[in-house]
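*Asks:* This is the structure I have questions about; it appears just below.
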C-alpha cells in the first residue's frame with residue numbers, strides 16, 4: 001500500500017512540476033498512511049455496499065423463516081438443519097464438485113494446448129491476434145444459444161446419432177448423449193474453455209523466449225522444456241483460469257438445467273429452485289454453504305501459487 | 001415532447017376507430033353491453049401494466065384494447081414461477097395481474113391486490129358456475145384441490161381471508177381455464193392409452209416426462225398414484241406429509257430406474273421434447289399439443305378414465321390502482337368478458353369465463369367444434385390463421401360439459417406446501 005502511494009505521489013508531483021502549476025492540494029502534507037486509506041476509500045465503499053453488505057444480508061436471511069408469501073425474522077437453524085440432514089444435499093454438492101473437477105481437467109488440457117499453439121507455434125503477432133479473435137467468435141452469441149444448439153445435435157434422433165447409425169457404428173441410438181452428465185460436461189467445456197485460454201495465453205506471451213532457447217541450448221528435450229520451463233512459468237495463468245472455470249461451473253445452473261433436461265442437479269439449481277418457489281431463506285442457507293465451499297476450493301488453489309507475487 | 005404528441009395522435013385516431021368498432025360490433029352482433037362508459041378525453045393518458053403467463057398475455061389483446069377502449073395496455077409474459085414472484089414481491093410493478101387461481105392462495109395474503117366489486121361487472125351473472133359456486137351444473141360435484149371458487153371471494157375490498165359464498169367482492173375475474181391431461185405420440189406408442197398410470201409404465205422407460213412446476217406436478221403425480229391403485233387420497237389437493245413422501249417416493253424410484261427422459265418447465269420445452277421424439281408420453285398443456293401438431297407431427301391430448309387435472313386463470317387488480325386507472329381497469333374487465341377475448345382464447349382450445357358472449361365472436365362451425373364437441377364442418381383455424389384441424393375432426397374429450405364435467409382435481413396449494421416444495425426439490429435433485 002505504501003509503495004503504491006509513494007508511486008502515486010511521485011507521479012503527482014512530476015505532473016505538477018511539468019505543468020508548472022501550483023498544486024491545489026498538497027498530498028505530501030498528509031501523513032502517508034492516511035493518504036493510503038483515502039486512496040483505497042472509494043473501492044472500499046463500493047465493495048462494502050455491493051459485496052460485503054449483500055453477503056451479510058444473505059447470511060442473516062438464511063436464519064429466517066418463510067411462509068408462502070412472506071419471510072420473517074426468526075433466528076432458527078431450521079434451513080440449515082433441513083439442508084444438512086438431507087442425503088440429497090450431499091449428493092448435489094458431490095455432483096457440483098464432480099462437474100467442476102471434470103470440466104476443469106478438460107478445459108485445462110484444451111485451453112493449455114490452444115494457448116501453447118498460439119503463443120509458441122504461431123510466429124507472427126498478426127496471426128496470433130487473428131487466431132485469438134477466432135477463438136472468441138462463438139462468444140458473440142449468448143450462452144444459452146450455444147448451449148441449446150447441442151440439443152438437436154445430441155438428441156435421440158439427432159445429427160450425432162443418425163450419423164453414427166448410418167456409418168454402421170451403432171444399431172440403436174445412444175441415449176446417454178443427451179440429458180446426461182456427458183452432455184452437461186460437454187456444454188461446460190464448450191462454454192468455459194476460453195476462460196482458460198485467455199489467462200494462459202497471456203502469461204505465455206510474457207515468457208522470455210530466450211529462456212526456451214537457453215533450455216534447448218542446454219540440451220533439454222521438448223518435453224523437458226515444457227515441464228521445467230513453460231509450465232512453471234505459466235502457473236499464474238493456469239491458476240487464474242482455474243479459478244474462473246471452477247467458480248463459473250460451481251455457480252452455473254442454467255447449463256445443468258438445459259443439458260440434463262432437469263434430470264441432474266448442482267447446488268446452483270437447488271438455489272434457483274428455491275428462489276423460484278419463494279423459499280428465500282432456504283435458498284440463502286444453500287448459498288452460504290456454496291460460498292464456503294467455493295472459498296475453500298479457491299484457497300486450496302491459491303496455496304499452489306502466490307498470484308500476488310507472480311503478477 | 002415528441003412522445004406526447006405521438007400519444008395524442010394515436011389516441012385521437014383510436015377513439016375514432018374504437019367508436020367505429022363499437023358501432024360495428026353492435027350492428028353485427030346485436031350484443032352491445034354498454035361499453036364504453038368513460039369516454040373522458042384523459043383516458044388516452046392511461047397506461048395499464050399487465051403481466052401473466054404466456055397463455056393469455058398476448059399482444060393481440062393489447063392491440064385490441066387500444067382499438068376498442070383507447071388506453072394502452074402493456075403486456076409482460078412470464079413463466080408461472082416468475083408470475084408468483086412478481087405478484088408477491090413487486091406490487092408496484094403492475095396494475096393488472098393475470099394469475100392462476102392456485103397462485104392466488106399464495107399471493108392474496110400479501111395484500112398486493114384489491115378485491116373487485118361484482119356489481120360493476122356487467123356480465124357477472126353469466127360467468128360459469130365453476131367460478132361462482134364451484135358447480136358447473138347444479139348436480140355436479142366439486143373437484144379436489146384449490147377449486148377457483150374457494151379462493152374467488154373475500155369479505156370486502158380489503159378482505160384478507162377467502163369466504164365461501166358470493167360475497168360481492170371477487171379476488172380474480174376468471175378469464176381462461178382448461179382441463180389438462182397427458183399428451184402422447186400415438187405413432188410412437190401404437191396402442192390406446194386410457195389411464196394416468198401409463199406415465200410410469202416401464203414400457204415407456206426413458207421416454208416419459210413430467211413438468212417441473214411443483215404445485216402442478218404433484219397433482220399429476222397424485223392422479224398417477226391413484227390410477228396405479230397405490231393409494232387413494234382423501235384430498236389430493238391437500239396432502240399430509242406422509243402422503244407427500246409416498247407420492248414423491250414412488251416417482252423418485254421411477255426416476256432412479258430411468259423412467260424419465262427430462263423434466264420441462266416452459267411450454268416450448270415440452271413442445272421440443274415431444275416433437276423431437278425424445279418423449280412419447282408426458283404432462284402437457286393444450287396449446288403445446290397444437291404446436292406439435294402444427295409441425296405435422298401426430299400428438300394427442302389424451303382423455304383418461306380418471307378425469308382431468310384442471311386450472312383456471314383470472315385477472316386481479318393491484319392494490320395501488322385508484323381513480324381513473326381503476327375505472328379504466330373495470331372498463332377493461334367488462335370488455336374482457338364481453339366476448340372478443342373469449343372468442344380469441346376459445347379458438348385456441350381454452351375456455352372463456354363467459355362462453356355465451358364468446359359465441360358472438362366465433363363462427364357456428366368454430367363454436368360447434370370447440371364448445372359443443374361436434375365434428376368440424378370445415379377446416380378449423382386458430383386466431384392466427386393456422387389450420388389446426390381438418391374438416392370432420394372432433395375435439396379430444398368432447399364438449400365443454402364433457403370435459404369440464406370430468407375434472408378430478410384443480411391445481412393446488414396445500415397446507416404443507418413448504419414441505420412439499422422441499423421434497424419436490426429433492427425429487428428433481430435426486
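Residue numbers (UniProt numbering), protein chains in the order written: chain A, 1 to 311; chain B, 1 to 430.
No residue lacks a Cβ here, since even glycine has one placed at the ideal position from N, Cα and C.
It should be emphasised that the depicted structure is a prediction, and the values quoted were computed from it without experimental measurement.
Hey, how far is the Cα of residue 196 (chain A) from the Cα of residue 119 (chain A)?
*Replies:* Residue numbering aside, residue 196 (chain A) sits at position 196 when the first chain is read from its first letter. Residue numbering aside, residue 119 (chain A) sits at position 119 when the first chain is read from its first letter. Going from the Cα of residue 196 (chain A) to the Cα of residue 119 (chain A) covers about 14 Å.
*Asks:* Compare the C-alpha of residue 383 (chain B) against each of B:119, B:366 and B:428 and name the closest.
*Replies:* Position 383 of the second chain, counting from 1, holds the residue named residue 383 (chain B). Nearest C-alpha to residue 383 (chain B): B:366.
*Asks:* Return the residue from the list A:268, A:257, A:279 and A:246 that minimises the CA-CA distance to residue 269 (chain B).
*Replies:* For this step, residue 269 (chain B) is matched to residue 269 along the second chain. Ranking A:268, A:257, A:279 and A:246 by Cα distance to residue 269 (chain B) puts A:257 first.
*Asks:* Mind checking residue 303 (chain A): buried by the 16 CB within 10 Å criterion, or exposed?
*Replies:* Numbered from its first residue, the first chain carries residue 303 (chain A) at position 303. It is exposed - the Cβ of residue 303 (chain A) has fewer than 16 other Cβ atoms within 10 Å.
*Asks:* If you draw a straight line from the C-alpha of residue 126 (chain B) to the C-alpha of residue 71 (chain B), how long is it?
*Replies:* The count along the second chain starts at 1 and reaches residue 126 (chain B) at position 126. The count along the second chain starts at 1 and reaches residue 71 (chain B) at position 71. The alpha-carbon atoms of residue 126 (chain B) and residue 71 (chain B) are separated by roughly 26 Å.
*Asks:* Can residue 38 (chain A) be considered in contact with the ligand ATP, in the sense that its beta carbon sits closer than 7 Å to one or more heavy atoms?
*Replies:* Summarising the ligand content, the structure contains no ligands, and the ligand ATP is consequently not present.
*Asks:* Between residue 429 (chain B) and chain A, is the shortest Cβ-Cβ distance under 8 Å, so that the two count as touching?
*Replies:* Start at 1 with the first residue of the second chain, and residue 429 (chain B) comes out as number 429. For residue 429 (chain B), the answer is yes, since a Cβ of chain A falls inside 8 Å of its Cβ.
*Asks:* Could you pull out every unbroken alpha helix (DSSP H) segment of at least 4 residues lying fully inside the stretch 200-260 of chain B, listed in chain order?
*Replies:* Listed in chain order, they are 214-228 and 241-256.
*Asks:* Among the candidates B:275, B:425, B:347 and B:146, whose CA atom is the shortest distance from the CA of residue 262 (chain A)?
*Replies:* One-based indexing of the first chain puts residue 262 (chain A) at position 262. Here the closest residue by C-alpha is B:425.
*Asks:* Quick one: does residue 212 (chain B) have its CB under 8 Å from some CB of chain A?
*Replies:* Indexing the second chain from 1 puts residue 212 (chain B) at position 212. So yes, residue 212 (chain B) belongs to the interface.
*Asks:* Please classify residue 167 (chain A): does DSSP put it in a helix, a strand, or coil?
*Replies:* Working through the first chain from its first residue, we reach residue 167 (chain A) at position 167. Correct three-state label for residue 167 (chain A): coil.
*Asks:* Given that residue 318 (chain B) touches chain A, what residues does it touch there, using C-beta distances under 7 Å?
*Replies:* On the second chain, position 318 is the one that residue 318 (chain B) refers to. The contacting residues do not exist; residue 318 (chain B) stays about 16 Å from chain A at best.
*Asks:* Short of 7 Å Cβ to Cβ, which residues in the stretch 204-229 of chain B face chain A?
*Replies:* 206, 212 and 214
*Asks:* Given that a residue counts as buried once 16 or more other Cβ atoms are within 10 Å of its Cβ, and exposed if not, what is residue 87 (chain A)?
*Replies:* Within the first chain, numbered from 1, the residue matching residue 87 (chain A) stands at position 87. That one is exposed.
*Asks:* May I have the straight-line CA-CA distance separating residue 386 (chain B) from residue 96 (chain A), to the nearest angstrom?
*Replies:* Within the second chain, numbered from 1, the residue matching residue 386 (chain B) stands at position 386. Within the first chain, numbered from 1, the residue matching residue 96 (chain A) stands at position 96. CA-CA distance, residue 386 (chain B) to residue 96 (chain A), rounds to 45 Å.
*Asks:* So the beta strand (DSSP E) residue 75 (chain B) belongs to, where does it begin and stop?
*Replies:* Mapped onto the second chain, residue 75 (chain B) falls at position 75. First-last of the beta strand (DSSP E) with residue 75 (chain B): 72-78.
*Asks:* In terms of DSSP beta bridges, what is residue 403 (chain B) paired with?
*Replies:* Within the second chain, residue 403 (chain B) is the residue found at index 403, counting from 1. DSSP, once it has assigned bridges, lists no residue as partnering residue 403 (chain B).
*Asks:* What in chain C is Cβ-close to residue 123 (chain A), meaning under 9 Å?
*Replies:* Included in the structure are the protein chains A and B, with no chain C among them.
*Asks:* Residue 434 (chain B) to residue 108 (chain B), Cα distance in whole Å?
*Replies:* With chain B represented from 1 up to 430, any question about residue 434 (chain B) goes unanswered, as that position is not in the structure.
*Asks:* Give, in chain order, every residue of the stretch 75-86 of chain B whose Cβ lies closer than 7 Å to some Cβ of chain A.
*Replies:* Within the stretch 75-86 of chain B, those residues whose Cβ lies closer than 7 Å to any Cβ of chain A are, in chain order, 81, 84 and 85.
*Asks:* Can you find a CB in chain A that lies within less than 8 Å of the CB of residue 425 (chain B)?
*Replies:* Numbered from 1 along the second chain, position 425 holds the residue referred to as residue 425 (chain B). Closer than 8 Å: yes.
*Asks:* Could you name the residues of the same chain whose beta carbon sits closer than 6 Å to that of residue 235 (chain A), not counting the 5 residues immediately before and after it, in chain order?
*Replies:* Taking the first chain and counting its residues from 1, one reaches residue 235 (chain A) at position 235. 305, listed in sequence order.
*Asks:* Within this structure, are the beta carbons of residue 279 (chain A) and residue 421 (chain B) separated by less than 8 Å?
*Replies:* Mapped onto the first chain, residue 279 (chain A) falls at position 279. Mapped onto the second chain, residue 421 (chain B) falls at position 421. Yes, they are a contact pair.
*Asks:* Based on DSSP bridge pairs, tell me the residues matched to residue 49 (chain B).
*Replies:* Looking up residue 49 (chain B) in the second chain gives position 49. The partner list for residue 49 (chain B) (beta bridge, DSSP) reads B:74.
*Asks:* To be precise: take each residue of the stretch 373-404 of chain B, compare its Cβ to all Cβ atoms of chain A, and keep it if any distance is under 9 Å. Which residues remain?
*Replies:* none
*Asks:* Please confirm whether residue 222 (chain B) and residue 407 (chain B) have their CB atoms less than 8 Å apart.
*Replies:* Position 222 of the second chain, counting from 1, holds the residue named residue 222 (chain B). Position 407 of the second chain, counting from 1, holds the residue named residue 407 (chain B). Judged by their CB atoms, residue 222 (chain B) and residue 407 (chain B) are not nearer to each other than the 8 Å cut-off.
*Asks:* May I ask you to report which of helix, strand or coil DSSP gives residue 85 (chain A)?
*Replies:* Position 85 of the first chain, counted from the start, is the residue given in the question as residue 85 (chain A). Three-state DSSP puts residue 85 (chain A) in a helix.
*Asks:* I'd like to check one pair, residue 168 (chain B) with residue 117 (chain B): are the Cβ atoms closer than 8 Å?
*Replies:* In the second chain, the residue the question calls residue 117 (chain B) occupies position 117. In the second chain, the residue the question calls residue 168 (chain B) occupies position 168. Cβ atoms of residue 117 (chain B) and residue 168 (chain B): closer than 8 Å.
*Asks:* Near residue 438 (chain B), which residues of its chain fall below 7 Å by C-beta distance, leaving aside the five closest residues on each side in sequence?
*Replies:* No answer is possible for residue 438 (chain B): the residues shown for chain B start at 1 and end at 430.
*Asks:* Ignoring anything shorter than 3 residues, give me the beta strand (DSSP E) runs that lie fully in the stretch 52-123 of chain B, in order along the chain.
*Replies:* Counting only runs that start and end inside the stretch 52-123 of chain B, the beta strand (DSSP E) elements of at least 3 residues fall at 72-78 and 96-100.
*Asks:* Between B:220, B:409, B:209 and B:275, which has its C-alpha nearest residue 260 (chain B)'s C-alpha?
*Replies:* For the purposes of this step, residue 260 (chain B) is taken as the residue at position 260 of the second chain. Looking at the Cα atoms, B:209 is the closest of the given residues.
*Asks:* Taking 8 Å as the cut-off, does the stretch 92-107 of chain A touch the stretch 241-251 of chain A (at least 3 CB pairs, one atom from each stretch)?
*Replies:* The stretch 241-251 of chain A is in contact with the stretch 92-107 of chain A.
*Asks:* Give the secondary structure of residue 224 (chain A) by DSSP, where H, G and I count as helix, E and B as strand, and everything else as coil.
*Replies:* Here residue 224 (chain A) refers to the residue found at position 224 when the first chain is read from its first residue. In the three-state reduction of the DSSP assignment, residue 224 (chain A) falls in the helix class.
*Asks:* Chain B partners of residue 157 (chain A), CB-CB under 9 Å?
*Replies:* Position 157 of the first chain, counted from the start, is the residue given in the question as residue 157 (chain A). Those within 9 Å of residue 157 (chain A) in chain B are 276, 277 and 278.
*Asks:* Going by beta-carbon coordinates alone, are residue 247 (chain B) and residue 413 (chain B) separated by less than 8 Å?
*Replies:* On the second chain, residue 247 (chain B) is found 247 positions in, with the first residue counted as 1. On the second chain, residue 413 (chain B) is found 413 positions in, with the first residue counted as 1. Going by C-beta atoms, residue 247 (chain B) is not nearer than 8 Å to residue 413 (chain B).
*Asks:* How would you write the range of the beta strand (DSSP E) that residue 178 (chain B) sits in, first residue to last?
*Replies:* Against the second chain, residue 178 (chain B) aligns to sequence position 178. Run containing residue 178 (chain B): 173-180, per the beta strand (DSSP E) assignment.
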